[in-house]
Amino acid sequence: MWLNPEEVLLKNALKLWLTEKSNDFFLLQRRRGHGDTGGKISGLLVGALDTVLDSNARVTPFRILLQVPGSQISWVIASGAAIQEVNKHWDWLLHHLLHSLSVFENKEDVASFVKGKVKGLIAEETGGRLAAQEEDPEKFREALLKFERHFGLPPSEKLVTHYSCCCWKGRVPRQGFLYLSINHMAFYSFLLGKEVKFVVPWAEVTRVERVSAGLMTEVVRVSTRQRQRDFSMFLSLDEAFGVIGQLADIALRRLLESEGLELDYILQQPTRITKRVLEEQALREYVLALFRLPRGEKLYEVASCSVWTPHNRRHSAGTLYTTDGYLCFSSREEGQCTLLIPLSEVLSIEKAESTSLLPNPVIVSVRSKKAFQLIELQDRDDLVDSMNARLRTLQWKHSMFRSKPHGKRALRSPAPYYTFYYDTSFGDDDEAEEQALRNTVNSEALMTAFHQSQTGPDNDDAKSLDQVKERLWDDHFSEFGRGVHMFRTEKIQKLVSMGIPESLRGELWMTLSDACSDLASHRDYYTDLVQKSMGHSSLATEEIERDLHRSLPDHPAFQNPTGIAALRRVLTAYAHRNPKIGYCQSMNILASVLLLYAKEEEAFWLLVAVCERMLPDYFNRRVIGAQVDQSVFEELIRERLPVLAEHIPDLSPLSSVSLSWFLTLFLSVMPFRSAVCVVDCFFLHGIKAIFQLGLAVLEANAEELCASADDGQALMVLTSFLDQVRSEEESPAPPSSSPSPLLSPQPALEETPTSAPPAVHTNITELINDSYEKFGDLTVRQVERLRCRHRIQVLQAHEDTTKENALRVVTPDVSISPEDLADVFDLFKTEHFINLYWGDGSTSKALQHHDPGRPYVEQYRVDRAQFKSLYMLLAPWLCGSHHTDTVANRAFTLLDKNKDSLVTFREFAGWLDTCYCEDLNLKIRLLYRLHIPPALTEIEEDPASLNSPLLSTTRPLYVDLPKGVVGEVKDYQQQLKQMLRDLAKEKQKGPEKPLPLMNQYEFIQFCKTLCNMFHGDPEENDLFQAIATVTSLVLQIGEAGHRSRSSAGSEVSSGGQEEAAGLGQEAAAAATPVVGLAEEEHPVFGAEGEGGEDGGVRRCHSSTGSERGGADSRWTVSYAQILASLLTEQALVNFFEKVLELPTKIAEAKEKQYQQRAGLLMLQRRTS
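For what it's worth, our numbering labels the leading residue of the sequence shown as 171, then goes sequentially.
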């Protein structure tokens, strides 16, 4: 294959390569030891070395080198594992390139030409591979060329797919093509001579929705903060809508929340995203949510089949999904029949004889003496081979990393495919008990040790009800199986809605969540984790300690050190396991309930299942997952309860109330026993059960909510209703029964003529059944699609909050208007994103991801290259192409106070504010600081040029003096005296820390910058003359001060020199106290750090020649002297006091930002 040319200094280092073919420009070489038949010792050694190397470090045995005659440097341009592959490349070089190379006179041009050709071949092959991944490669290749030609984005902006559609402007449709890439959505139309094109970054998309409006039947509406765009006339609207939502969701998760939200590995590599990958990822997300599998599971095969269901004595049609560790089956109608088989429980997967009644059967045998039959499988042989390969890999891992049991289990051969056995036990009693007790700190659930003993008829009724439920469950186990691989049908839904009996609750929670598989495959994990985590102090452990006694405080289990210690161990162990989540409030409530009904180690794995699989992204720093579900719930209210939504247009208060419903699964808002029934449903159906129950609660209170006068009254309605939800074990008992305050209803008030009517109690079972009956048609697929869309809105809402707070912090420190500052923030943020879009990966790790955990003004930062790009866009004074880059480098160095090579928005805004909004003094002060250390860090010019007669300090400089004033020389002594008088008037009351002095080289650089700034100005001639006058004046001041210091107090014979020295001393003396407004502290350019490394005046007077410019190191001028000299020229004063239009500059920057960076990146790629 062709390779990006890579330099090789020695063509045959250590004689590891043998040349097979050669000519003047190319060599075909073979690796020594590959293909040798003589058995020489050198070949054997090299062959052995290549064999033992890791596969990533092995060298391909054949390669082609590009060589330049007379040079010791060569380039590897192709390699291959077989001689036939390399010979094809060799023949191509001979027939297409070799004859053309003889025309080059300069042999170095040969290397550039060939390397460019090879890179072109690689790009062509890459484009061909991308096109080959599409359904219509030729059509995609044509679309790719149009995309690159129309929009001019860098080649790294990978096109994913495109659609023919209409984009509407008002009532006018524009037929064209919508191009969807990894970072942008672009539209192009050319009709009747009119071209329309635009590019919208996914990072700016705030909402994606389907709406019906006007003449358009149904459109896809994509909204940004500035406007919305409608697209219609898609050949497949559903597909286009899904892909747009997916790409926007993936881009925002990658750009805005890459650390907090779980994103599949392939989606973190944008160049690998294709339309096919998006389809596979959407299906994978659905399967993970439907079966609540670990987030790392990879989906392999999806096949239609039928499974024998013994409870109804027939085959049920559906779909088989296979992943790394599971076989999953779902009926055609979601939820009707579900089967989950962990591969860790599978003994064998075998093909059976195919018949007309049972076509292509496959038998899956599991450890609990059961066998499952699948029929009507297409491509059965390949499917079985693939599943068996993963099964063998898993069994090998278990044999390597798990200790073998003491006694081997006698495995029975699976029964024939038409016979099925369903035991009501796990197997051998001794082994089951050992498995249950292994590696647990507390061997029993807390409810067993701290069961609240109650007496009376109500307690007897509760016990008898539990016994009835246990018999029902036993019957269910005998019919549908027991364990994680039991059939889950509508019948189990009815049993769970009644409430799981306490004796089975822990077991069924482990089964329904598949936490039992994690427990079985991680022996000693929890015990080791407890030992590692206990005793370590962190922010998470401090929060855990604070919340321990707030977890079910009324339950006796957590009024006892035993329960508190168990809760501490579980929460601390989980925080140690998953530091990305650590500890989040509400986890203590969940863990407390889990500990009541499950053993301690089981409770830990249940918590893992809830936090990492069943409620993904809930328990991160910003609880994004819970907020997404809140937003989804709000849309479901509008869709399923339209009357309520019509009476309450703003549903945000209702969705805000629901946050605790989702985070604590109703445990914090319902009586305990009722809420535990909700947890039962949650483990069966996941978050869908919480959505359904929430809708049922709102529907039951719809009339009162519609009649509510305000949000507070609506909240009281919901709180009162949820407080009165009771389970079947509870009844509105009289006060004399005195049950536990946690488990009992509130006592009824004695009836009096004036007493309020008794509270109306709602049965939790009836409420759950009502939710399934009215809202049970809500599917996991619908929930996942809604989550994808609403995650976009939630992440953008967080971005709005970040922007608002950053502006709130920065606005008091600058004079830029809030509107302009907001636009500057957008430009700053876009520059950060452009680096993420098209950067080469060479930037610092801090810029490769957005960190929402940092302070608001530091969440977006730019490096030197990005700052220079913004400088070119927004700087009010540019200094030519070369010198502008130099000044931008100095500005970045000056702003980078903490030396982390990054500039924050606050620092950038402070610089921009000084340039546009501050007075002349601060602008000159900024320019002054750009030409002294630490900003001036390198010598751009040869210091010897300072000795040029042009820069002599004994003659004044004049540039283009006006006619009629030739020979008129101003009295510089009068100028100096006037300068001192002006400076004396501006003395500050309090002493200010002076800026460091400037040496002659630094001053010349300062003048050079000013001259470059004036190019192109309408008053260019006057400005050049003024700066020439000021330069001559300051040079004389510096020379006078230099002479006065050199004389060391001795008298000067020349009267003219004596007067100049006196004036120089007087000017130097005025420099320190006379600073005026220029020395006022600025939020960014304040006094802090102004003295450089040596600090303040001490640095100024202790500089040596090696530090400050060689032979003229003692020639210095102060900032005050330069400022006063500039003030003597009205042209310069007018230039710096001229009002600059920042809004105009911002508008131009918005238009140029993308094109400028894209063009620069493409140029860099071509020259690299």
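Where is the CB? At the ideal position from N, CA and C, for every residue including glycine.
Distance between residue j and residue i (C-alpha atoms, nearest Å)
i, j, result
"Gln1235", "Lys1093", "Only weak support is given to the placement of Gln1235: the predicted model assigns it a pLDDT of 41, under 50, and the value that follows is read from those uncertain coordinates. Approximately 27 Å between the Cα atoms of the pair."
"Pro325", "Arg319", "11 Å"
"Pro731", "Leu737", "10 Å"
"Gln548", "Gln883", "59 Å"
"Ile436", "Leu264", "39 Å"
"Val666", "Leu821", "31 Å"
"Val273", "Ala248", "24 Å"
"Asn790", "Ala745", "12 Å"
"Val763", "Met668", "18 Å"
"Arg978", "Glu1001", "21 Å"
"Cys1085", "Ala1045", "8 Å"
"Asp636", "Val536", "31 Å"
"Asn1059", "Glu969", "30 Å"
"Val378", "Ala356", "15 Å"
"Asn939", "Thr444", "43 Å"
"Asn226", "Pro440", "Confidence in Asn226 is poor, its pLDDT being 35 and thus under 50, which makes the residue's placement too unreliable to answer from."
"Val529", "His481", "Before going further, note that residue 529 is Pro rather than Val in the sequence given. So the alpha carbons of these two residues sit roughly 21 Å apart."
"Ala761", "Trp775", "10 Å"
"Thr889", "Val839", "7 Å"
"Leu323", "Leu1293", "46 Å"
"Thr563", "Leu513", "10 Å"
Closest by C-alpha distance to residue i, when choosing among the options
i, options, result
"Ser756", "Leu1065, Leu718 and Glu770", "Leu718"
"Glu449", "Leu315, Arg423, Leu426 and Gly412", "Gly412"
"Trp338", "Arg562, Phe404, Val280 and Val288", "Phe404"
"Leu659", "Ala743, Thr563 and Ser501", "Correcting the residue identity first, residue 659 is Thr in this sequence and not Leu. The candidate whose alpha carbon is nearest that of Thr659 is Ser501."
"Cys715", "Ile443, Arg200, Pro726 and Tyr753", "Looking at the sequence itself, residue 715 is Glu, so the reference to Cys does not match. Of the listed residues, the one whose Cα sits closest to Glu715 is Tyr753."
"Glu869", "Phe836, Arg810, Ser826 and Thr834", "Arg810"
"Ser241", "Val178, Trp187 and Lys258", "Val178"
"Ala1105", "Phe1176, Asn1091 and Gln1036", "Phe1176"
"Ala710", "Asn748, Gly676, Arg675 and Leu678", "Asn748"
"Gly795", "Glu954, Trp679, Ala866 and Ala373", "Glu954"
"Thr949", "Val246, Asn1304, Gln416 and Ile860", "Ile860"
"Gly1208", "Glu1190, Val1309, Ile662 and Asn1169", "Asn1169"
"Cys336", "Gln345, Leu329 and Leu510", "Gln345"
"Arg341", "Ala872, Ser402, Leu361 and Phe347", "Ser402"
"Pro982", "Arg1076, Gln966, Asn1068 and Gly946", "Arg1076"
"Asp644", "Ile662, Glu190, Val457 and Ala632", "Ile662"
Buried/exposed call for residue i, threshold 16 Cβ in 10 Å
i, result
"Phe368", "exposed"
"Cys1270", "A caution first: Cys1270 carries a pLDDT of 38, below 50, which makes its placement in the model too unreliable to give a value."
"Glu308", "exposed"
"Arg1327", "buried"
"His266", "exposed"
"Ser825", "buried"
"Leu1006", "buried"
Any non-hydrogen atom of the ligand GTP within 7 Å of residue i CB
i, result
"Val813", "You won't find the ligand GTP in this model; it holds no ligand whatsoever."
- Pairing CB atoms from the region 981-996 with CB atoms from the region 1307-1318, are three or more of them under 8 Å? Between the region 981-996 and the region 1307-1318, the count of C-beta pairs closer than 8 Å reaches three or more; the two stretches touch.
- Message: Count Cβ pairs between the region 486-502 and the region 467-475 that sit closer than 8 Å; are there 3 or more?
- Response: Remark: three or more beta-carbon pairs, one from each stretch, lie closer than 8 Å, so the region 486-502 and the region 467-475 are flagged as touching.
- Message: Measuring CB atoms only, is the region 843-856 touching the region 876-890, in the sense that at least three cross pairs come out at less than 8 Å?
- Response: The region 843-856, when compared against the region 876-890, does not touch it at the 8 Å Cβ threshold.
- Task: Would you check if there are 3 or more beta carbon pairs closer than 8 Å linking the region 738-754 to the region 641-658?
- Result: As far as the Cβ criterion goes, the region 738-754 does not touch the region 641-658, which means the pair count is below three.
- Taking only runs of the alpha helix (DSSP H) that begin and end inside the region 624-678, which ones reach a length of at least 4 residues, in chain order? If one requires a minimum length of 4 residues, the alpha helix (DSSP H) runs lying completely within the region 624-678 are 627-650 and 660-667, in chain order.
- Message: For the region 407-421 against the region 359-368, do three or more pairs of beta-carbon atoms, one drawn from each stretch, fall closer than 8 Å, so that the two count as touching?
- Response: Cβ pair count under 8 Å is below three, so no.
- Just checking, does the region 1288-1299 make contact with the region 1191-1202 on the three C-beta pairs under 8 Å criterion? In short, these stretches touch, since the Cβ pair count reaches three.
- Any chance the region 514-521 sits against the region 549-556, with 3 or more Cβ pairs inside 8 Å? Result yes; three or more Cβ-Cβ pairs closer than 8 Å.
- Task: Quick one: which unbroken beta strand (DSSP E) runs of 3-plus residues sit fully inside the region 1055-1097? Chain order, please.
- Result: Fully contained in the region 1055-1097 is no beta strand (DSSP E) run of length 3 or more.
- Query: Between the region 1036-1052 and the region 1175-1192, are three or more C-beta pairs nearer than 8 Å?
  - Reply: By the Cβ rule, the region 1036-1052 counts as touching the region 1175-1192, because three or more pairs are nearer than 8 Å.
- Count the C-beta pairs between the region 254-269 and the region 187-203 that are closer than 8 Å, then say yes if the count reaches three, no if not. A contact is defined here as three or more CB-CB pairs under 8 Å, and the region 254-269 meets this definition with respect to the region 187-203.
- Query: On the three-pair Cβ rule with 8 Å, is the region 759-773 touching the region 798-807?
  - Reply: Touching, no, given that fewer than three Cβ pairs across the two stretches are closer than 8 Å.
- Query: Can you list, in chain order, the stretches of the alpha helix (DSSP H) that have 4 or more residues and sit fully within the region 687-769?
  - Reply: Scanning the region 687-769 for uninterrupted alpha helix (DSSP H) segments of 4 residues or longer gives 695-703, 709-717, 731-747 and 757-767, listed from N- to C-terminal end.
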